[in-house]
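In this note's numbering, the protein residues as written are 81 to 278.
In structure tokens:
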């Protein structure tokens, strides 16, 4: 079944919070609790409104402001806080003259970045940036690079969880650029990738 994220009930969406945070599902029963591993990559998609035409001037949209608000409110702040990348996408153009990278080129860059992360994290028993705990991120990210994320935290633009998630993304961006650690530009880009859907 394929559906836009806000089409699911708020209760179903909220059940994603625990596995996104801890990487496991915990089922509680009368005689105890059972834990199941649940590391996964979640991709959510949503239109700007129920009819899907509220973009640009919104001229083609038939939804009321209340309908738009109700539709998007199913994606709660606590759920979105656990989503690393939140990107607004413009309507698809059927023809583009801009050449892009081939899938093979992208795959090669991703393999190099994952190898770099695995080598760096090997001593800590981790293999990917997504597994790095907040303490490791704050200790290993250069102080000068952290300034944008601490500023965003002070201004209430990200939560503490969001700050850690932005640092993880910044490390991945640095790995994709074949750099040993993130710089200010990587951290700023990671923060932008968390907020560009709003």
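Ideal Cβ placement from N, Cα and C applies to all residues, glycine included. Since the structure is predicted, the reported quantities are computational estimates derived from the model, not experimental observations.
Nearest neighbour of residue 126 by Cα position, chosen from 265, 141, 88, turns out to be 88. Across the set 182, 225, 171, 219, the C-alpha of 171 shows the shortest separation from the C-alpha of residue 136. 275 is the residue among 95, 150, 115, 275 whose C-alpha sits nearest the C-alpha of residue 238.
Residue state for residue 163 is assigned as coil, using DSSP reduced to three classes.
Residue state for residue 113 is assigned as strand, using DSSP reduced to three classes.
Residue pairing by DSSP places residue 106 opposite 115 in a beta bridge. In the DSSP assignment, residue 211 falls outside any alpha helix (DSSP H) and carries neither an H nor an E.
Membership of residue 188 in the alpha helix (DSSP H) is indicated by the continuous run 183-201. Separation of the CB atoms of residue 240 and residue 247 is rounded to 11 Å, and the pair is thereby denied contact status at 8 Å. Bounds of the alpha helix (DSSP H) holding residue 228 are 223-234. Taking residue 189 as reference, the option from 91, 258, 119, 101 with the minimal CA-CA separation is 258. DSSP, read as helix, strand or coil, puts residue 178 in coil. At a Cβ-Cβ threshold of 9 Å, residue 133 and residue 86 do not count as neighbours. Your pair residue 213 and residue 267 does not check out as a contact, with CB atoms roughly 18 Å apart and the cut at 8 Å. Residue 271: member of the alpha helix (DSSP H) spanning 264-275, first to last residue. As the crow flies, the alpha-carbon of residue 106 is around 20 Å from that of residue 161. Judged by beta-carbon spacing, residue 245 lies beyond the 9 Å limit of residue 159, meaning their Cβ atoms are not closer than that value. Sorting 84, 217, 196 by C-alpha distance to the C-alpha of residue 207 places 196 at the top.
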